Amino acid sequence: MSRSLGHRGQACDTFTDLDFHHTIVGTTLDVRLLLYTRANSSCGRLMSHSAPPPELNLTRPTTFIIHGFRPTGSPPNWLEPMVVELLELGDSNVVVVDWNRGAANIDYFRVVRNTRATATNLTAFIRTMEENGASLSSIHMIGISLGAHISGFVGADLNGTIGRITGLDAAGPLFAGKPPEDRLDPTDAQFVDVIHTDMDALGLREPLGHIDFYPNGGADQQGCPRTILSGSAYFKCDHQRSVYLFKESLRRTCETRAFPCATYADFMDARCTDCADFGSQGCPVFGYGVVAWKDSLVRLGQSKYFFNTNNKSPYCKTNYRLDIVTWNQEVQWGYITIKMYSKNQSAKATIDHKKLNFAKYTETQLLAQFDRDVTTVEKMSVTFFSAIVLRPKYKLRVLRLRLQRLEGSDRPLCRYDLLLRDKEEITFRPIPCEESNF
Amino acid sequence: MDDVELQTMETNSRTGDQDPRPGPETGDQGATHLPPSVQVTVGSANGETPSAPEHRPLLHPQVCEVERLQTALNEKVFWKCTVWMTVLVIIIFIAVVIFISIVLCEVLREDVDDKFDRSSYDIPQDFNGSFRLTNQVLAEELLTASSNQSQVLASQLQKKLSGLYSDSLALGRFFSSAEIYDFRNDSMEAVFSLRFLLPGEDQDRIRKFTLSRELVYNVLRQFLYDQETDPPGPLQIDPASLQID
Chain A
549 MSRSLGHRGQ ACDTFTDLDF HHTIVGTTLD VRLLLYTRAN SSCGRLMSHS APPPELNLTR
609 PTTFIIHGFR PTGSPPNWLE PMVVELLELG DSNVVVVDWN RGAANIDYFR VVRNTRATAT
669 NLTAFIRTME ENGASLSSIH MIGISLGAHI SGFVGADLNG TIGRITGLDA AGPLFAGKPP
729 EDRLDPTDAQ FVDVIHTDMD ALGLREPLGH IDFYPNGGAD QQGCPRTILS GSAYFKCDHQ
789 RSVYLFKESL RRTCETRAFP CATYADFMDA RCTDCADFGS QGCPVFGYGV VAWKDSLVRL
849 GQSKYFFNTN NKSPYCKTNY RLDIVTWNQE VQWGYITIKM YSKNQSAKAT IDHKKLNFAK
909 YTETQLLAQF DRDVTTVEKM SVTFFSAIVL RPKYKLRVLR LRLQRLEGSD RPLCRYDLLL
969 RDKEEITFRP IPCEESNF
Chain B
157 MDDVELQTME TNSRTGDQDP RPGPETGDQG ATHLPPSVQV TVGSANGETP SAPEHRPLLH
217 PQVCEVERLQ TALNEKVFWK CTVWMTVLVI IIFIAVVIFI SIVLCEVLRE DVDDKFDRSS
277 YDIPQDFNGS FRLTNQVLAE ELLTASSNQS QVLASQLQKK LSGLYSDSLA LGRFFSSAEI
337 YDFRNDSMEA VFSLRFLLPG EDQDRIRKFT LSRELVYNVL RQFLYDQETD PPGPLQIDPA
397 SLQID
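If you're matching them up, the sequences are chains A and B in order. Sequential numbering of the first sequence, starting at 549, is according to this note's numbering. Sequential numbering of the second sequence, starting at 157, is according to this note's numbering.
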């Protein structure tokens, strides 16, 4: 089948490469298991289902990567980098579940029917691993789209004893509104973490795991096209973003905290900045490392977790709470842009998800999400954009502006007695706040 | 329909009345303006012998309507101004009036927060505090030289305090005076008092927010922090030493 030569001359097995022609004709299910280890991180080895090869060291943890629907038949471009990054994180076995023959079919209904058979196949393989001495709790399955449900079926077949299932935007079509046994659910593994990035189209809206992340609210992703004019990206960009976000979390370039909240709107209104439930650990960090919060998350029960991202990598935003007290006699409406400068860096946060309301002597709490982490803030600037139409645009008269980082224990930054004219950028040196009496 | 017809009738008869007046232009214009079909209508409308109905079936009813409207619009109101010109002018006039009033509203309306009457502010609110001068050597020279010198330093510092509080956007209108009333020689500490006057109206909230210790203290504190970047002078104050209660 697909073979190429590895760096030591031995033959490498690669992911089945099909083309559009196959997807139209249709493919019959063939589940191939490709093993990657630190010894051969760029050269897959096709495994026999009945007799795992000696290279599959069962004392090491094993991670399965299960792809989803492949309407073009091509190998996923994120697959190899993900394998490499998983192996860099720890000495483990990475098994790529290649069910491209079966997933590459324009008939989505046929592909969905193949998920059960793929799951049965995988369950049998994991049972063989167990018989040969593997511990089920050291197994982690990463399922993308339909792959997330396959992981769920495997987990259910094994009575939820496998260690962890990560669902990357679990497929929505034909799974929405289905009972737990017909989709991924928290009983399928000891720990189930799910990312929702396209819940209004190809993904699912309902929480499916112990923790459900909803980046940017879970529906429309930053930097993804909003109209069909952008071609195929319009359909897949939101859905695929889950994979790219998770992949970035493997690299650990930056850290994104996710905040438990009833709705995305509440999160955007800074109503969910409290992480006291998690003690000194703080709110869960999105991605691969979230397993460190497993005990508290399983104890706290199902909840939605929100965070926002930048429109391209690095996706991490840095969260601050911005509190503003004004003294205008009349209520003011508008939007705020805030920037932070260090010696050679600057970060920007725009708060315009809705019209902000500033009433006299009332503290307005806002969520300021900066596109980058600036450590030593030397200067700051604030711009106020009045949203009052056909009426005199009064200036925003600020008594106190306080910026408090949500993560860590940095001292909040303050500035007092400011006048913000419409659209005029005011730059100043913030000073450390002192205890507030307001 | 009938109304239009009636109107046409009336105005027509008026023009008819004017027609005989001297001036060949009017006559000429009337002729060029009115197509023959209209003249027919005019004839019938003038209530002459009902010969008009005989002509009517010959004309297309829609064409008739359009033409009638045309005539109506081309009627003269005065001099060379026809009805359509007048209507257009009125519409433009209304739009301009609306636009001008919006602009005037924007420009002329005063910011309510800029309006205040200081003479009604009569309830005093005092704050006392202290700070240390950074440039001790220079300041010490000034102090030991003579008591006259220390008065100069005091008045300079007083001026600095008065200046910054009068310039404050939130506190300026309430600020009354600042006084340096003592130097503690050993640590070069200046002791000062600030007086603000506030109105009786909304007194409690003003005390709690605008004229709170927090704001009075921090307006001075951030001023001192901003000055840190300036070249050091005899009036340099250490922001960390600031105390107000």
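Note that CB positions come from ideal geometry on N, CA and C, so glycine has one too. From a predicted model like this one, the values you see are computed outputs, not experimental measurements.
G203(B) at chain A interface by Cβ criterion, 7 Å
The residue you call residue 203(B) lines up with position 47 of the second sequence. Confidence at G203(B) is low in this model, with a pLDDT of 43, below 50, so its placement is unreliable and no value can be given for it.
Residues of its chain near T366(B), where Cβ-Cβ distance is below 8 Å and the 5 sequence neighbours each way are ignored
Along the second sequence, read from residue 1 onward, the residue named residue 366(B) stands at position 210. For T366(B), where only same-chain residues beyond five positions count, the Cβ hits under 8 Å are A326, L327 and F330.
For L967(A), which residues in the same chain have their Cβ closer than 7 Å to its Cβ, ignoring the five residues on either side in sequence?
Locating residue 967(A) in the first sequence gives position 419, counting from the first residue. The answer, listed in chain order, is K943 and R945.
Residues of the stretch 370-383 of chain B whose Cβ lies closer than 8 Å to any Cβ of chain A, in chain order
E370, L371, Y373, N374, V375, R377, Q378, Y381 and D382
Can you tell which of F379(B), F348(B) and D394(B) has its C-alpha closest to the C-alpha of D107(B)?
The question about residue 107(B) has no answer here: the residues shown for chain B are numbered 157 through 401.
May I ask you to report which of helix, strand or coil DSSP gives K896(A)?
Position 348 of the first sequence, counted from the start, is the residue given in the question as residue 896(A). Strand at K896(A).
Given that R361(B) touches chain A, what residues does it touch there, using C-beta distances under 9 Å?
Position 205 of the second sequence holds residue 361(B). Within chain A, the residues whose beta carbon sits less than 9 Å from that of R361(B) are K908 and Y909, listed in sequence order.
Please report the distance separating the alpha-carbon of I254(B) from that of V937(A).
Within the second sequence, residue 254(B) is the residue found at index 98, counting from 1. Within the first sequence, residue 937(A) is the residue found at index 389, counting from 1. Approximately 15 Å between the Cα atoms of the pair.
Return the CA-CA distance between N876(A) and D269(B), expressed in angstroms with no decimal places.
In the first sequence, residue 876(A) corresponds to position 328, counting from 1. In the second sequence, residue 269(B) corresponds to position 113, counting from 1. C-alpha separation (whole angstroms): 6 Å.
CB contact flag (F287(B), I400(B), <7 Å):
For the purposes of this step, residue 287(B) is identified with residue 131 of the second sequence, where counting begins at 1. For the purposes of this step, residue 400(B) is identified with residue 244 of the second sequence, where counting begins at 1. No; because the gap between Cβ atoms is not below 7 Å, this pair is not in contact.
Could you check where the beta strand (DSSP E) with H697(A) kicks off and where it finishes?
Working through the first sequence from its first residue, we reach residue 697(A) at position 149. It is not in any beta strand (DSSP E) - H697(A) instead sits in the alpha helix (DSSP H) that spans L694 to D705.
Closest by C-alpha distance to N284(B), when choosing among T385(B), F352(B), D386(B) and K364(B)
For the purposes of this step, residue 284(B) is identified with residue 128 of the second sequence, where counting begins at 1. Closest by alpha carbon: F352(B).
Inspect the beta-carbon positions of D646(A) and L604(A) and report whether they are closer than 7 Å.
Your numbering for residue 646(A) matches position 98 in the first sequence. Your numbering for residue 604(A) matches position 56 in the first sequence. No, Cβ-Cβ distance for D646(A) and L604(A) is not below 7 Å.
R608(A) and N641(A) - do their beta-carbons sit closer together than 7 Å?
Taking the first sequence and counting its residues from 1, one reaches residue 641(A) at position 93. Taking the first sequence and counting its residues from 1, one reaches residue 608(A) at position 60. Yes. Within cutoff.
Taking C-beta pairs closer than 7 Å, name the residues in chain A that L325(B) reaches, listed in chain order.
Reading the second sequence from its first residue, position 169 is the one you call residue 325(B). Correct list: R945, D965 and L967.
Could you check the C-alpha separation between R586(A) and A724(A) for me, to the nearest Å?
Translated into positions along the first sequence, residue 586(A) becomes position 38. Translated into positions along the first sequence, residue 724(A) becomes position 176. Going from the Cα of R586(A) to the Cα of A724(A) covers about 38 Å.
Residues near D386(B) in its chain [Cβ-Cβ closer than 6 Å; skip 5 each side]
Within the second sequence, numbered from 1, the residue matching residue 386(B) stands at position 230. In the same chain as D386(B), and ignoring 5 residues on each side of it, no C-beta atom comes closer than 6 Å to its own.
Of all the options Q770(A), A667(A), K902(A) and N680(A), which has the alpha carbon lying nearest to the alpha carbon of R731(A)?
For this step, residue 731(A) is matched to residue 183 along the first sequence. Minimum Cα distance to R731(A) is reached at A667(A).
If you reduce the DSSP assignment to three classes, tell me which class E210(B) lands in.
For the purposes of this step, residue 210(B) is taken as residue 54 along the second sequence, with counting starting at 1. Note that E210(B) has pLDDT 47, beneath the 50 cutoff, so the model's placement of it is unreliable and no number is given.
In three-state terms, what does DSSP make of I362(B)?
Here residue 362(B) refers to the residue found at position 206 when the second sequence is read from its first residue. Residue state, collapsed to three classes: helix.
State the Cα-Cα distance for the pair M630(A) and I759(A), rounded to the nearest angstrom.
Along the first sequence, read from residue 1 onward, the residue named residue 630(A) stands at position 82. Along the first sequence, read from residue 1 onward, the residue named residue 759(A) stands at position 211. Between M630(A) and I759(A), the C-alpha separation is close to 22 Å.
Taking 7 Å as the cut-off, decide whether the C-beta atoms of S699(A) and I572(A) are in contact.
As a working mapping, residue 699(A) is identified with position 151 in the first sequence. As a working mapping, residue 572(A) is identified with position 24 in the first sequence. Contact flag unset, no.
Using alpha carbons as the reference points, say which of D717(A), M747(A) and Q769(A) lies closest to D741(A).
Residue mapping note: residue 741(A) aligns to position 193 of the first sequence, counting from 1. Of D717(A), M747(A) and Q769(A), the residue nearest in Cα terms is D717(A).
Using a Cβ-Cβ cutoff of 8 Å, what residues of the stretch 249-275 of chain B are near chain A? List them in chain order.
I258, C261, E262, R265, D267, V268 and D269
Contact set for R953(A): own chain, Cβ-Cβ below 7 Å, skip 5 residues either direction
Taking the first residue of the first sequence as position 1, residue 953(A) is located at position 405. For R953(A), where only same-chain residues beyond five positions count, the Cβ hits under 7 Å are Y868.
For T227(B), would you say it is in contact with chain A, using Cβ-to-Cβ distances shorter than 7 Å as the test?
Translated into the one-based positions of the second sequence, residue 227(B) becomes position 71. Chain A, which has no Cβ nearer than 7 Å to the Cβ of T227(B), makes this no.
Quick one: Cα of P180(B) to Cα of I256(B), how far?
Here the question's residue 180(B) lines up with position 24 in the second sequence. Here the question's residue 256(B) lines up with position 100 in the second sequence. Any reading at P180(B) must be qualified, since the residue scores a pLDDT of 44, below 50, and its modelled position is unreliable; no value is offered.
For chain B, check one thing: does any of its Cβ atoms lie closer than 7 Å to the Cβ of N641(A)?
Your numbering for residue 641(A) matches position 93 in the first sequence. By this cut-off, N641(A) is not an interface position.
Expressed to the nearest angstrom, what Euclidean distance is found between the alpha-carbon atoms of S322(B) and A334(B)?
For the purposes of this step, residue 322(B) is taken as residue 166 along the second sequence, with counting starting at 1. For the purposes of this step, residue 334(B) is taken as residue 178 along the second sequence, with counting starting at 1. Rounded to whole angstroms, S322(B) to A334(B) spans 10 Å at the Cα level.
What does F287(B) reach in chain A if we use C-beta pairs closer than 9 Å?
Your numbering for residue 287(B) matches position 131 in the second sequence. The contacting residues do not exist; F287(B) stays about 15 Å from chain A at best.
Within a Cβ cutoff of 7 Å, which residues of the same chain sit near E973(A), ignoring the five residues on either side of it in sequence?
As a working note, residue 973(A) is residue 425 in the first sequence. Closer than 7 Å at Cβ, skipping near neighbours: S929 and T931.
Cβ shell of E204(B) (< 6 Å), same chain only, five flanking positions each side left out:
Here residue 204(B) refers to the residue found at position 48 of the second sequence. Legend: pLDDT at E204(B) = 44, less than 50; position of this residue unreliable, no value from coordinates given.
Give the residues of chain B in contact with E878(A), contact being defined as C-beta atoms less than 7 Å apart.
Counting from 1 along the first sequence, the entry for residue 878(A) is found at position 330. Near E878(A) (Cβ distances below 7 Å), the residues of chain B are V268.
Are the CB atoms of L694(A) and T663(A) nearer to each other than 7 Å?
Counting from one through the first sequence, the residue named residue 694(A) turns up at place 146. Counting from one through the first sequence, the residue named residue 663(A) turns up at place 115. It is a contact, given that the beta carbons lie within the stated cut-off.
Apart from the five residues on each side of it in sequence, which residues of its chain come closer than 6 Å, Cβ to Cβ, to V584(A)?
Taking the first residue of the first sequence as position 1, residue 584(A) is located at position 36. The sequence as given places Tyr at residue 584(A); Val does not occur at that position. Here the set comprises G592, V631 and V642.
At the level of alpha carbons, what is the spacing between F794(A) and E926(A)?
To locate residue 794(A), count along the first sequence from 1; it is residue 246. To locate residue 926(A), count along the first sequence from 1; it is residue 378. C-alpha separation (whole angstroms): 33 Å.
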